[in-house]
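Below is one structure; the comments refer to it alone.
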Amino acid sequence: MAKIPDSTQTSLRQKLLARAAERWPQIQALHTRYRAGFAYIDATLTDGDEVKLCRLRYAGSASQWGFAIYRASHDDYQQAALPNGWPSGTPAEALDTACGLYLGDPTAWITDPRRTNGDAH
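Using my numbering, read the sequence shown as starting at 78 and increasing by one per residue.
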């Protein structure tokens, strides 16, 4: 598998940091590691805990990535579908899916805001 280009690594990191700042106040720091065609995403939480979140597979585009969730019970990554049913998506979708699971906020998986009980419902 080919190495992720440096410019794509920079773009990915910027997208993930922006989404974490926008949606996940529990994240104090976001960490990305790269190996071959994969990006591994970990977080340091505000309480100091370190959490492995997910692995993204580079498929030639900075905007669409394959998704694998970290399985703490097996200490590995399992290819998984995003809430929309697709096995790949944007970095923000991947981060939201993993954080929704590990930070206990399933509202992160709601992709259609009309399906909530908010004011517009």
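Glycine included, each C-beta is placed from N, C-alpha and C at the ideal position.
Please return the same chain residues whose Cβ sits closer than 7 Å to the Cβ of residue i, not counting the five positions on each side in sequence.
i, result
"Q155", "A145, I146, R148"
"D119", "H108, E127, V128, K129, L130"
"I104", "A97, A120, L122"
"P183", "G177"
"S140", "T167"
Taking the alpha helix (DSSP H) that residue i falls in, what are its first and last residues?
i, result
"A169", "168-179"
Identify the continuous beta strand (DSSP E) that holds residue i and give its terminal residues.
i, result
"L94", "Taken as a continuous stretch (DSSP letters only), L94 belongs to no beta strand (DSSP E), being part of the alpha helix (DSSP H) at 83-100."
"I104", "104-112"
"K80", "Note, K80: premise wrong, no beta strand (DSSP E); not H, not E."
"I146", "142-148"
"T184", "Element bounds for T184: n/a, residue is neither H nor E."
"D152", "Segment: none, D152 is in no beta strand (DSSP E) and carries neither H nor E."
For residue i, which residues in the same chain have their Cβ closer than 6 Å to its Cβ, ignoring the five residues on either side in sequence?
i, result
"R192", "A caution first: R192 carries a pLDDT of 49, below 50, which makes its placement in the model unreliable, though a value can still be read off. Contacts found: none."
"Y166", "According to the sequence as given, residue 166 is Gly; it is not Tyr. For G166, where only same-chain residues beyond five positions count, the Cβ hits under 6 Å are L159."
"A106", "T121"
"R110", "Y117"
Less than 8 Å between C-beta atoms, sequence neighbours within five positions excluded: which residues of the same chain meet that for residue i?
i, result
"G195", "Confidence at G195 is low in this model, with a pLDDT of 48, below 50, so its placement is unreliable and the value that follows should be read with caution. Within the same chain, G195 has no close Cβ partners at all."
Between the Cα of residue i and those of the options, spot the shortest distance and give me the residue it belongs to.
i, options, result
"H151", "G177, T109, K129", "K129"
"I81", "W142, P160, A175", "W142"
"T85", "A169, C131, A116, L107", "A116"
"L93", "Y179, P168, L180, A185", "P168"
"A113", "L133, R100, W101", "L133"
"L180", "S140, D83, W101, S138", "W101"
"E170", "D83, M78, A79, A95", "A95"
Is it buried or exposed, residue i, if we count other Cβ atoms within 10 angstroms and call 16 or more buried?
i, result
"G125", "exposed"
"T87", "exposed"
"P164", "exposed"
"D153", "exposed"
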